[in-house]
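So the sequence shown is numbered by this note's numbering: it starts at 985 and just counts up by one.
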Amino acid sequence: MSDRNARNRAPQRRSDPVRRVAYQVIRQVTAEGGYANLALNKALRDARLGGRDAAFCTELVHGTLRWQGTYDAFLARCVSRPLPDLDPELLDVLRLGAHQLLNMRVDSYAAVDEMVTLTRSELGQKRTGLVNAVLRKISQRSLDQWISTTAPRPDEDLLGYLAIAEAHPRWVIEAFDRVLDEGLEDLLVADNEPPRVTLVARPGLSDMDELVDAGAVPTRWSPYGAVLEGGGDPGRIGAVATGRAGVQDEGSQLVAIALASAKVDGDDASWLDLCAGPGGKSALLAALVPDGQLTAVEPLKHRAELVRQNLRAIPGNHKVLIGDGTKPTWPEGSFDRVLADVPCSGLGALRRRPEARWRRTPEDVEELRPLQEALLDSAITSVRSGGVVAYVTCSPHPDETRTVVDAVLGRRDDATLEDARALFPGVPDLGDGPDVQLWPHLHGTDAMYLALIRRS
């Protein structure tokens, strides 16, 4: 047999299973509208990937999705036809390869070779030539070199430069720039850092010592929060597995604690979470309500079930209602405190939702505003005279925060905006008030917004 025939008949090398899992998760996100965290967690379990393999796969997925727009700008210079004309599955392979070449410590030859092998196994031999050629072009420059040759000059168009250099859509950067006096670039850098796993010890059920004994470190400001250093599966911790503790960003904890800490005269035993799913804030509030009841409202059945699961370990006669928070089924003024954590663009949680920055559009913000206003209006109507409402978003976009609050209060004469900064003791850089905006680059939290409103 000739050497040539032997080579032709030799079995082809199989693709790396970790990269294959990463690619399949990315396809679920980009083609099917899946959520990266949910799809990845399931894929890691199904493939039985743990330790270093799981960490490598996570960075492949999250990093590729996070930097997608920037990589597309580079790839457009290496492909002879417009990127929208490429098959979507082929474009995802190129993005995955670009991330390894530009943002990971992967040898260039190995990265290209592995992606060619992945292409052959997933897409067929015909696609391998293009993948090989394009990724070799990408490998000829560093990330900084690609940015300098692709992005506008920062002294001529700073926001356009940051859109490429820090992988954010320009419209998002423009929205952040409207509410930040300084630190815009620091915020974008923080958005690109993988988030830490933060736990909450639900009061009366667990405590900080238990989480520390499990390897966590107390958070800076939440008395119930702890960071699981080094990551890992929080489900391995007994308190989390039994619902006595949970996974919850420190910013999310702080806004719930702020509502629970606001001064209320008279009765204080009936609290409402108007937009409860998936239930992290509900569980913390239920643990904090003094000898009372939390009512959690959620319109979607499967999310209402998540709320029930989060409340399962909390003592008390707490209720979960499936319903529309804009159409209360309870009498006006039924509650002493109301949380309105309204649906929003999620631009404050881009660290943990890497696909969101490319999936959301300015139209989403505009379309959500009527719902946000209706929910806040309903929340104020649902609270009694002298009671308080916390309007909360996981977005710093001004059209989802103070603009909504001002619009609703401008139509009512029975509610006033109060200074909420004192409800965040020890937390710096809270701004001029009366509302509060947390930031990833200043506080290490999601960009949570809170406005405290008292019904008069």
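Think of the CB as a built atom: it goes at the ideal place given N, C-alpha and C, for glycine as much as any other residue. Predicted model, so just to flag it, every value in this text is computed and none were measured.
Beta-carbon gap between V1248 and L1183 smaller than 8 Å: To locate residue 1248, count along the sequence shown from 1; it is residue 264. To locate residue 1183, count along the sequence shown from 1; it is residue 199. In this structure, L1183 does not lie closer than 8 Å to V1248 by Cβ.
Where the alpha helix (DSSP H) containing A1240 begins and where it ends: The residue you call residue 1240 lines up with position 256 of the sequence shown. Counting along the chain, the alpha helix (DSSP H) containing A1240 begins and ends at E1234 to S1245.
Assigned exposure category for E1316 - 16 Cβ within 10 Å defines buried: In the sequence shown, counting from the first residue as 1, residue 1316 sits at position 332. Classification of E1316: exposed, given that the 10 Å Cβ count is below 16.
Paired residues, beta bridge with G1394 - DSSP: One-based indexing of the sequence shown puts residue 1394 at position 410. BP columns for G1394 are empty, so no partner.
Segments of 4+ residues assigned as alpha helix (DSSP H) that fall wholly inside the segment 1413 to 1440: 1424 to 1427
C-alpha distance - H1425 paired with E1166, whole-angstrom precision: In the sequence shown, residue 1425 corresponds to position 441, counting from 1. In the sequence shown, residue 1166 corresponds to position 182, counting from 1. Going by the C-alpha atoms only, they are around 11 Å apart.
Supposed contact pair L1284 and A1244 - C-beta distance, whole angstroms, cut 8 Å: Taking the sequence shown and counting its residues from 1, one reaches residue 1244 at position 260. Taking the sequence shown and counting its residues from 1, one reaches residue 1284 at position 300. The Cβ separation is near 25 Å, so there is no contact.
Inter-residue spacing [alpha-carbon to alpha-carbon] between R1137 and E1351: Along the sequence shown, read from residue 1 onward, the residue named residue 1137 stands at position 153. Along the sequence shown, read from residue 1 onward, the residue named residue 1351 stands at position 367. Those two C-alpha atoms are separated by around 34 Å.
Continuous beta strand (DSSP E) stretch holding R1321: start and end: Numbered from 1 along the sequence shown, position 337 holds the residue referred to as residue 1321. Run containing R1321: F1319 to D1325, per the beta strand (DSSP E) assignment.
For L1075 and D1069, the rounded distance between their alpha carbons: Taking the sequence shown and counting its residues from 1, the one referred to as residue 1069 is at position 85. Taking the sequence shown and counting its residues from 1, the one referred to as residue 1075 is at position 91. Each residue's Cα considered, the two are about 10 Å apart.
Close beta carbons around R1287, own chain, < 7 Å, minus the five adjacent residues each side: Translated into positions along the sequence shown, residue 1287 becomes position 303. Closer than 7 Å at Cβ, skipping near neighbours: G1261 and P1262.
8 Å Cβ shell around T1134 - same chain, five flanking residues per side excluded: The count along the sequence shown starts at 1 and reaches residue 1134 at position 150. The residues are A1057, F1058, R1061 and I1148.
Cβ-Cβ distance between V1322 and A1363 below 8 Å: What you label residue 1322 is simply residue 338 of the sequence shown in a count that begins at 1. What you label residue 1363 is simply residue 379 of the sequence shown in a count that begins at 1. Yes, they are a contact pair.
CB contact flag (E1282, V1273, <8 Å): Here the question's residue 1282 lines up with position 298 in the sequence shown. Here the question's residue 1273 lines up with position 289 in the sequence shown. Contact: no.
Buried/exposed call for S986, threshold 16 Cβ in 10 Å: Residue 986 sits at position 2 when you count from the first residue of the sequence shown. In this predicted model, S986 has a pLDDT of only 48, less than 50, meaning its place in the structure is not dependable enough to derive any value.
Anticipated Cβ contact below 8 Å, E1289 with L1049, distance rounded: Within the sequence shown, the letter at position 305 stands for residue 1289. Within the sequence shown, the letter at position 65 stands for residue 1049. That pair is no contact at about 27 Å.
Identified DSSP bridge partners for E1230: Mapped onto the sequence shown, residue 1230 falls at position 246. Looking at the sequence itself, residue 1230 is Gly, so the reference to Glu does not match. Beta-bridge pairing links G1230 to V1184.
Assumed close pair P1153, R1341 - CB separation to whole angstroms, cut-off 8 Å: As a first step, residue 1153 is located in the sequence shown; it is residue number 169 there, counting from the start. As a first step, residue 1341 is located in the sequence shown; it is residue number 357 there, counting from the start. With a Cβ gap of about 6 Å, P1153 and R1341 count as contacting.
Whole-number beta carbon distance between N1294 and S1266, since they are thought to touch under 8 Å: Looking up residue 1266 in the sequence shown gives position 282. Looking up residue 1294 in the sequence shown gives position 310. Confirmed, about 6 Å.
Under 8 Å between C-beta atoms of V1389 and A1435: As a working note, residue 1389 is residue 405 in the sequence shown. As a working note, residue 1435 is residue 451 in the sequence shown. It is a contact, given that the beta carbons lie within the stated cut-off.
DSSP state of D1128 mapped onto helix, strand, coil: Indexing the sequence shown from 1 puts residue 1128 at position 144. Judged by DSSP in its simplified three-state form, D1128 adopts helix.
Inter-residue spacing [alpha-carbon to alpha-carbon] between W1155 and I1306: Against the sequence shown, residue 1155 aligns to sequence position 171. Against the sequence shown, residue 1306 aligns to sequence position 322. Going by the C-alpha atoms only, they are around 35 Å apart.
Inter-residue spacing [alpha-carbon to alpha-carbon] between V1077 and L1107: As a working note, residue 1077 is residue 93 in the sequence shown. As a working note, residue 1107 is residue 123 in the sequence shown. The alpha-carbon atoms of V1077 and L1107 are separated by roughly 10 Å.
A1229 and S1190 closer than 8 Å at C-beta: For this step, residue 1229 is matched to residue 245 along the sequence shown. For this step, residue 1190 is matched to residue 206 along the sequence shown. In this structure, S1190 lies closer than 8 Å to A1229 by Cβ.
Where P1202 falls: helix, strand or coil (DSSP): The sequence position of residue 1202 within the sequence shown is 218, counting from 1. DSSP places P1202 in strand when its eight states are reduced to three.
Beta-carbon proximity list for R1111, same chain, < 7 Å, skipping 5 on both sides: Taking the first residue of the sequence shown as 1, we reach residue 1111 at position 127. Within the same chain, R1111 has close Cβ partners L1074 and T1103.
8 Å Cβ cutoff met for R1405 and L1414: Within the sequence shown, the letter at position 421 stands for residue 1405. Within the sequence shown, the letter at position 430 stands for residue 1414. Yes, the Cβ-Cβ distance between R1405 and L1414 is below 8 Å.
Whole-angstrom distance between D1037 and H1427, CA atom to CA atom: Locating residue 1427 in the sequence shown gives position 443, counting from the first residue. Locating residue 1037 in the sequence shown gives position 53, counting from the first residue. Looking at the two C-alpha atoms, the distance is approximately 31 Å.
For A1060: DSSP bridge partner residues: Here the question's residue 1060 lines up with position 76 in the sequence shown. A1060 pairs with nothing; no bridge assigned.
Contact between the segment 1015 to 1031 and the segment 1086 to 1106 (3+ Cβ pairs under 8 Å): no
Beta-carbon proximity list for A994, same chain, < 7 Å, skipping 5 on both sides: Here residue 994 corresponds to residue number 10 of the sequence shown, with the count starting at 1. For A994, the pLDDT reaches just 45, beneath the cut-off of 50, and the residue's location in the model is therefore unreliable, although a value from the coordinates is still provided. Nothing listed; no residue qualifies.
Three-state secondary structure assigned by DSSP to D987: Walking along the sequence shown from the start, residue 987 turns up at place 3. With a pLDDT of 49 at D987, under the threshold of 50, the modelled position of that residue is not reliable, and the figure given next carries that caveat. D987 falls in the helix class under three-state DSSP.
K1311 - partner residues in DSSP beta bridges: For the purposes of this step, residue 1311 is identified with residue 327 of the sequence shown, where counting begins at 1. Paired residues: none, contrary to the question.
Residue closest to Y1433, alpha-carbon to alpha-carbon, out of V1100, H1381, K1311 and R1396: Within the sequence shown, residue 1433 is the residue found at index 449, counting from 1. Of the listed residues, the one whose Cα sits closest to Y1433 is H1381.
Contacts around A1246, its chain only, beta-carbon distance under 7 Å, and the 5 residues preceding and following it disregarded: Position 262 of the sequence shown, counted from the first residue, corresponds to residue 1246. Excluding positions up to five away in sequence, the list reads V1372, L1407 and L1436.
Among L1212, L1258, R1065 and P1187, the one whose alpha carbon lies nearest that of V1196: Numbered from its first residue, the sequence shown carries residue 1196 at position 212. The option with the nearest alpha carbon to V1196 is L1212.
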